[in-house]
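**Q** Sequential numbering from 532 applies to the sequence shown in my numbering.
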Amino acid sequence: MASIEERPFLPFARADIGDEEINEVVAALRSGWLTMGPRTRQFEADFAAYTGAGHAVAVNSATSALFLLAHGLGWGPGDEIVTTPITFAASANVIVHTGATPVFADVSRDGWSLDPAQVEAKKTAKTRGAVVVHYAGAAADVGGIEQALGPGKPIVEDCAHAVGTRYADGAHVGTKHPGAFSFYATKNVTTGEGGMITVADEAFAARLRSLRLHGISQDAWKRYSKEGKWYYEVLEHGYKMNMTDLNAALGLVQLRKAEAFNARRREICKRYDEAFADLPLERPTWVSTAAAAAHLYPIVVDDPARRDAVIDGLSARNIGTSVHFIPLHLQPAFQRHYGYKRGDFPNAEYFYDRTVSLPLYPILTDDEIGRVIDGVREILK
Ligand SMILES: *Cc1c(COP(=O)(O)O)cnc(C)c1O
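1. Would you report the Cα separation of H826 and N719, rounded to the nearest angstrom?
2. For the beta strand (DSSP E) that P829 lies in, which residues bound it at each end?
3. What does S888 pair with, by DSSP beta-bridge criteria?
4. Could you tell me the boundaries of the beta strand (DSSP E) in which H586 lies?
5. Going by DSSP in three states, G714 sits in which element: helix, strand or coil?
6. Would you tell me roughly how many angstroms separate the C-alpha atoms of D875 and Q862, rounded to the nearest one?
7. Following the continuous beta strand (DSSP E) through D689, name the residue where it begins and the one where it ends.
8. Would G851 and F540 qualify as a contact pair, given that the criterion is a beta-carbon distance under 8 Å?
9. Just to confirm the assignment, what range does the alpha helix (DSSP H) spanning A791 have?
10. Looking only at C-alpha atoms, which of A652, G605, W643 and V831 sits nearest to V613?
11. Got a sec: does ligand 1 put a non-hydrogen atom nearer than 7 Å to the Cβ of F619?
12. Verify the contact flag: A623, CB atom, against every heavy atom of ligand 1, threshold strictly below 7 Å.
13. Mind the definition here: the region 544–560 touches the region 883–899 only if three or more C-beta pairs lie below 8 Å; say whether that holds.
14. May I have the straight-line CA-CA distance separating A791 from V765, to the nearest angstrom?
15. Would you say H503 touches ligand 1, meaning its beta carbon is less than 7 Å from a heavy atom?
16. Per DSSP, M772 is paired with what?
17. Once the 5 residues before and after R640 are set aside, which same chain residues still bring their CB inside 6 Å of it?
18. Assign R545 to one of three DSSP states: helix, strand, or coil.
Rendered as structure tokens:
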């Protein structure tokens with residue numbers, strides 16, 4: 532569609548990187564220690580303190596965090612792991628990479644996260660656990676899913692949208708079960724690329740620290756420092772998934788701003804909520820409750836053609852949007868390998884056909900928020 536907009540492109544996502552972040556990265560560069568080192572350790576300690584998790588293990592992405600957890604829990608060939616189709620490929624790809632089979636279950640109409648009743652319906656003798664996504668930063672019903680799975684079925688929490696999200700009892704997500712957080716460029720707290728594992732068990736944390744760096748003995752990253760030793764042992768066949776101190780430098784500063792970032796995100800959601808009250812769409816009021824990290828603002832337009840009109844109309848107004856997510860059971864690789872097809876998950880498909888995510892990030896100006904609101908109103912009125 533031809534552009535009808537003179538104003539500059541308003542991106543769907545944009546990180547808030549200030550002088551503090553830049554100075555900390557420069558300090559890391561000047562320190563001479565570039566890869567995993569003191570800043571990564573500090574970031575881990577800060578993240579564990581912030582979330583109340585027993586242990587935090589920094590890695591190079593949430594995908595790596597999810598994979599190391601799935602592998603560390605011993606999931607593999609013959610196992611079925613339940614997860615949601617409304618997620619990024621990572622949540623299910625990591626299951627595939629352990630050799631286990633991803634089994635999708637439909638989402639609930641209220642919040643679009645895994646529905647415990649649907650999880651129960653997909654349970655078989657081979658079910659070994661689940662990957663639960665806290666979609667858009669709102670806590671999923673992990674308690675319900677735990678009950679649906681029954682005892683001895685570990686849950687991995689995909690907390691990629693959920694730095695700062697709390698359960699109803701006030702505990703952070705990723706503290707009742709192992710959690711995987713993302714610091715990808717578009718996420719609420721960013722290190723460019725990066726991720727964090729949270730676990731309660733000390734021995735499991737130690738194993739994950741080893742697995743992220745070739746399975747070598749725990750302090751091997753220090754081997755080039757003054758207190759380091761040249762001798763190390765490869766304890767098991769691990770991976771190369773460590774964070775670097777350059778990424779951690781960003782994360783240290785960003786994490787201190789997490790609460791303020793999330794508060795501003797919720798404020799923007801409230802403005803959208805008010806502005807769209809009379810339009811033919813469902814507003815995601817559940818992303819901006821006090822306990823949610825408000826990562827996304829996915830509206831559900833009453834009609835698929837009108838949803839497409841919102842995407843095209845905002846694009847013509849130089850405003851970026853996105854769709855979270857194309858359900859994984861509609862993706863070619865999952866259809867080819869597991870036989871999924873359209874019709875398998877009615878709620879996920881209803882959502883996919885009608886949703887569009889609007890720009891939502893702390894450095895959106897009031898004028899920019901106004902542009903988004905005016906655009907959506909003009910298109911849908
Ligand atoms: C972004 C995202 C991931 C992957 O995060 P990376 O850090 O890019 O690996 C996983 N799950 C969900 C739901 C995501 O949105």
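Quick reminder that beta carbons are idealized off the backbone N, C-alpha and C, glycines included.
As the structure is a computational prediction, the values presented were derived from the model and not from experiment.
**A** Let me spell this out:
1. For the purposes of this step, residue 826 is taken as the residue at position 295 of the sequence shown. For the purposes of this step, residue 719 is taken as the residue at position 188 of the sequence shown. Using only the alpha carbons, I get a separation of about 6 Å.
2. Locating residue 829 in the sequence shown gives position 298, where the first residue counts as 1. Residues Y828 to V832.
3. Against the sequence shown, residue 888 aligns to sequence position 357. Residue pairing of S888 in beta bridges, as defined by DSSP: P829 and S853.
4. By one-based count along the sequence shown, residue 586 stands at place 55. Counting along the chain, the unbroken beta strand (DSSP E) around H586 starts and ends at H586 to V590.
5. Along the sequence shown, one-based indexing puts residue 714 at 183. The amino acid occupying residue 714 in the given sequence is Phe; Gly does not appear at that position. Reduced to three states, the DSSP call for F714 is coil.
6. Position 344 of the sequence shown holds residue 875. Position 331 of the sequence shown holds residue 862. Straight-line Cα distance between these residues: approximately 13 Å.
7. Here residue 689 refers to the residue found at position 158 of the sequence shown. Unbroken beta strand (DSSP E) run through D689: I686 to D689.
8. Here residue 851 refers to the residue found at position 320 of the sequence shown. Here residue 540 refers to the residue found at position 9 of the sequence shown. A contact, by the Cβ cut-off of 8 Å.
9. Numbered from its first residue, the sequence shown carries residue 791 at position 260. Per DSSP, A791 is one residue of the alpha helix (DSSP H) stretching across A789 to A806.
10. Here residue 613 corresponds to residue number 82 of the sequence shown, with the count starting at 1. Comparing Cα-Cα distances from V613 to each of A652, G605, W643 and V831, the minimum goes to A652.
11. Here residue 619 is taken as the residue at index 88 of the sequence shown, counted from 1. Annotation for F619 indicates a beta carbon within 7 Å of some heavy atom of ligand 1.
12. Taking the sequence shown and counting its residues from 1, one reaches residue 623 at position 92. Taking the Cβ of A623 as the reference point, every heavy atom of ligand 1 lies at 7 Å or farther away.
13. Yes, since at least three Cβ pairs between the region 544–560 and the region 883–899 fall closer than 8 Å, the two stretches touch.
14. Walking along the sequence shown from the start, residue 791 turns up at place 260. Walking along the sequence shown from the start, residue 765 turns up at place 234. Taking the straight line joining both Cα atoms gives about 42 Å.
15. The chain is shown only over 532 to 912; residue 503 falls outside these bounds and no answer can be derived.
16. Taking the sequence shown and counting its residues from 1, the one referred to as residue 772 is at position 241. The partner list for M772 (beta bridge, DSSP) is empty, contrary to what the question assumes.
17. Here residue 640 corresponds to residue number 109 of the sequence shown, with the count starting at 1. If we look at R640 and ignore the five residues flanking it on each side, its Cβ neighbours are N878.
18. One-based indexing of the sequence shown puts residue 545 at position 14. Annotated three-state conformation of R545 is coil, per DSSP.
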